[in-house]
Amino acid sequence: MEILHQVCLIAIICVSKFLILSTSYCVFLAFEVFFVYFLFPETSGRSLEELAFCTPIFLPLRDIQLML
0 MEILHQVCLI
10 AIICVSKFLI
20 LSTSYCVFLA
30 FEVFFVYFLF
40 PETSGRSLEE
50 LAFCTPIFLP
60 LRDIQLML
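Position 30 of the sequence shown, counting from 1, maps to 29 under numbering that gives the first Met the number 0, and the rest follow consecutively.
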């Protein structure tokens, strides 16, 4: 019974570390999205459609051929 108790404690510690790390990673990603969207001059206040229009990577192949 003591071994089961120790295994459960180790499992709880591992799960709690995972939850803390994953939560902090999600918070960091949210900060990055906020930072890039609002503070980078290229993306500040633009919609996704405007960004796709400015970047030829996201254009369909026929539009790229028309540009050449």
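Here a beta-carbon is modelled for each residue, glycine too, at the ideal position from N, C-alpha and C.
Owing to the predicted nature of the structure, the values given are computational and were not obtained by experimental measurement.
Query, Result
"Which residue comes first and which comes last in the alpha helix (DSSP H) that contains PHE70?", "There is no way to answer for residue 70, as the model of the chain reaches only from 0 to 67."
"Which same chain residues, not among the five before or five after PHE17, have their C-beta less than 6 Å away from its C-beta?", "none"
"Can you look up SER23 in the DSSP assignment and give me helix, strand or coil?", "helix"
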